[in-house]
Amino acid sequence: MVKHTLTVLVENTPGVAARVTGLFTRRGFNIDSINAAITDKPDISRLTIVITSDREGGERQLEQITKQLNKLIDVITIKDITAYESIERELVLIKVDAAPKKRAEILQIVEIFRAKTVDIAPESMIIEVTGDEDKIEAMLTLLSDFGIKEVARTGKVAMVRGAKTL
């Protein structure tokens, strides 16, 4: 399986994200994560899409999809940043079972990962963690011993390092 991280700048119009993602799903690509938000310009949105292809010829199909995306009126630019040195982050909220006896140990994990406790209830805690995929997965693994009740992930955002821009 091959994973790709794509960044797409689009005009901020209704339905543009659906049109963009539809091209991937129709070609059999699985979208692992998608994040969309307005940029510093209110009429432009940035999509970060992480896709996986386990199909033969996936690289060629991705190239074709990229060409088709560039033909869409709402698409300003698309770049596969997989091969570039980039910064990738994700924000995750984790609700964990946290009876008073367990809290000190959970708070140690939170501190080690430089995460934040954003809510404490009588039997649970909500923890916010930001980082790359490895950090997120490591924290989820450690917290699973306490009993994870719920997880909400933003999806990956990414940006190429250095002076290069979209």
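Numbering (UniProt numbering), first residue to last: 1 to 166.
Ideal Cβ placement from N, Cα and C applies to all residues, glycine included.
Predicted model only: the values in this text are computed from it and were never measured.
- Under the 8 Å Cβ criterion, the stretch 101 to 116 does not count as touching the stretch 56 to 74, having fewer than three qualifying pairs.
- Taking the C-beta atoms as reference points, THR82 is found nearer than 7 Å to HIS4.
- Only residues of its own chain outside the window of five on either side were considered, and among them MET1, LYS3, ASN30 and ASP32 have a CB closer than 6 Å to the CB of THR52, listed in chain order.
- Looking at the backbone, the Cα of GLU123 and that of VAL20 are separated by about 42 Å.
- Take GLU11, set aside five residues on each side of it, and the residues of its chain with a beta-carbon closer than 6 Å to its own are ASP74, in chain order.
- Its chain contains SER33, ILE34 and ASN35 as the residues whose beta carbon lies nearer than 6 Å to that of GLY155, once the 5 sequence neighbours on both sides are disregarded; these appear in chain order.
- Taken in chain order, the complete beta strand (DSSP E) segments of 3 residues or longer contained in the stretch 71 to 103 are 75 to 80 and 86 to 97.
- THR7 and SER86 have their C-alpha atoms roughly 11 Å apart.
- ARG153: member of the beta strand (DSSP E) spanning 148 to 153, first to last residue.
- Check the Cα spacing between GLU137 and each of PHE113, ILE120, ASP80 and LYS149: the tightest is with PHE113.
- Between the alpha carbons of LYS102 and PHE146 lies a gap of roughly 8 Å.
- Listed in chain order, the non-local C-beta contacts of GLU88 below 6 Å within the same chain comprise ASP132, LYS156 and ALA158, local neighbours out to five positions each way being set aside.
- Straight across, the Cα-Cα distance linking LEU140 with ASP119 is about 17 Å.
- When rounded, the separation of the alpha-carbon atoms in LYS79 and ASP40 is 19 Å.
- Closest in C-alpha terms to GLU150, from the list VAL92, ARG26 and THR77, comes VAL92.
- One Cα belongs to THR130, the other to ALA152, and the distance between them is close to 12 Å.
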